[in-house]
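Taking it in order: structure first as structure tokens, then the write-up.
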Amino acid sequence: EFRRVLFRSTSTVTITAAGATNSPITFSVALVVTTPGAVLVVSPLALNFHYTYGSPLPPSPAVSISNSGGGTLNWTAAASDYWIVLSAASGTAPFGPVVGFNPANLAPGSYAGSYQITAAGASGSPATIAVTLVVDGAQPSPVITAVGNAGSFQPGVASGTWISIFGSNLSTTTYSWKS
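For the sequence shown, this note's numbering begins at 25 and goes up steadily by one.
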């Protein structure tokens, strides 16, 4: 962690005791005054969301990232799961990135993930924000709007060719198959 030296002094101290062996004794004393290093402070440390399919998304809260120490605090962030949405992946404190979620392709149920904020060299780093999401209701059905040749993107496919499927509510993952 980076600390700037504000003051440095070195001196000697001599202690004398009459009649004692090894008297006098002399030793060095050093005093160094530094600025405090960066200290990562994140709030809140837990976010809870509830979503019902067909309803608007709830508001996404801002997370407070600050430095209660000295110097500059640069941070990076990463989500543990694809459904956790971050408004910023890095920045300089103080900052308030927004954390939200994307319910696409999530079946009804409970989901738990996290949002980790790291500030190199700072005390309190990394900080982890627990993110919980409860999804209710029925997931929208997939809608296929077109199927085409994946090589030419033209209509019509032949046996053994790769195909592309276009539409909505299909998946957030791309799969590759081998025959």
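C-beta: ideal position from N, C-alpha, C; glycine also.
For clarity, every value in this text was computed on a predicted model and none was experimentally measured.
Rounded separation between alanine 144 and valine 171 - CA only:
The sequence position of residue 144 within the sequence shown is 120, counting from 1. The sequence position of residue 171 within the sequence shown is 147, counting from 1. Cα-Cα distance, rounded: 48 Å.
Within this structure, are the beta carbons of threonine 116 and leucine 97 separated by less than 8 Å?
Sequence index remark: in the sequence shown, residue 116 carries index 92 (1-based). Sequence index remark: in the sequence shown, residue 97 carries index 73 (1-based). Cβ atoms of threonine 116 and leucine 97: closer than 8 Å.
Between proline 48 and the rest of its own chain, which residues show a CB-CB distance below 7 Å, the 5 nearest in sequence each way excluded?
Residue numbering aside, residue 48 sits at position 24 when the sequence shown is read from its first letter. Excluding positions up to five away in sequence, the list reads Thr38, Ile39, Thr40.
Does DSSP classify tyrosine 77 as helix, strand or coil?
If you number the sequence shown from 1, residue 77 lands on position 53. Coil at tyrosine 77, not helix or strand.
In the DSSP output, what is glycine 95 paired with across the bridge?
As a first step, residue 95 must be located in the sequence shown, where it is residue number 71. DSSP output for glycine 95 lists no bridge partner at all.
If you follow the beta strand (DSSP E) that serine 134 is part of, which residue opens it and which one closes it?
Looking up residue 134 in the sequence shown gives position 110. Run containing serine 134: 133-142, per the beta strand (DSSP E) assignment.
Let me make sure I understand the geometry here. Which of Val57, Gly43, Ser35, Pro60 has the alpha-carbon closest to that of phenylalanine 51?
Along the sequence shown, one-based indexing puts residue 51 at 27. Checked all of Val57, Gly43, Ser35, Pro60; the closest Cα to phenylalanine 51 is Ser35.
CA-to-CA distance, glycine 133 to leucine 194, given in whole angstroms
Within the sequence shown, numbered from 1, the residue matching residue 194 stands at position 170. Within the sequence shown, numbered from 1, the residue matching residue 133 stands at position 109. Straight-line Cα distance between these residues: approximately 19 Å.
Would the segment 156-175 and the segment 80-93 be scored as touching if the rule is three or more Cβ pairs under 8 Å?
no
Using the C-alpha atoms, what's the distance from glycine 94 back to isoleucine 153?
Along the sequence shown, read from residue 1 onward, the residue named residue 153 stands at position 129. Along the sequence shown, read from residue 1 onward, the residue named residue 94 stands at position 70. Going by the C-alpha atoms only, they are around 23 Å apart.
Which complete beta strand (DSSP E) runs does the segment 28-76 hold, if anything under 3 residues is left out?
29-39, 49-58, 64-67, 70-76
Determine the closest residue to serine 192 out of Ser138, Gln140, Asn129, Gln178, with distance taken between C-alpha atoms.
On the sequence shown, residue 192 is found 168 positions in, with the first residue counted as 1. Comparing Cα-Cα distances from serine 192 to each of Ser138, Gln140, Asn129, Gln178, the minimum goes to Asn129.
Where do the N-terminal and C-terminal ends of the beta strand (DSSP E) with glycine 191 fall, by residue?
Within the sequence shown, numbered from 1, the residue matching residue 191 stands at position 167. Its beta strand (DSSP E) spans residues 187-192.
Quick check on serine 147: does DSSP put it in helix, strand or coil?
On the sequence shown, residue 147 is found 123 positions in, with the first residue counted as 1. Strand, per DSSP.
How should asparagine 72 be labelled, buried or exposed, when 16 other C-beta atoms within 10 angstroms of its C-beta is the threshold for buried?
The residue you call residue 72 lines up with position 48 of the sequence shown. Its Cβ having fewer than 16 others within 10 Å, asparagine 72 is exposed.
For alanine 102 and valine 56, I'd like the C-alpha separation in whole angstroms.
Stepping through the sequence shown from its first residue, residue 102 is reached at position 78. Stepping through the sequence shown from its first residue, residue 56 is reached at position 32. Rounded to whole angstroms, alanine 102 to valine 56 spans 37 Å at the Cα level.
For the beta strand (DSSP E) that alanine 170 lies in, which residues bound it at each end?
Here residue 170 is taken as the residue at index 146 of the sequence shown, counted from 1. Alanine 170 -> beta strand (DSSP E) spans 167-173.
From valine 122 to serine 183, what distance separates their C-alpha atoms?
For the purposes of this step, residue 122 is taken as the residue at position 98 of the sequence shown. For the purposes of this step, residue 183 is taken as the residue at position 159 of the sequence shown. When rounded, the distance between both Cα atoms is 48 Å.
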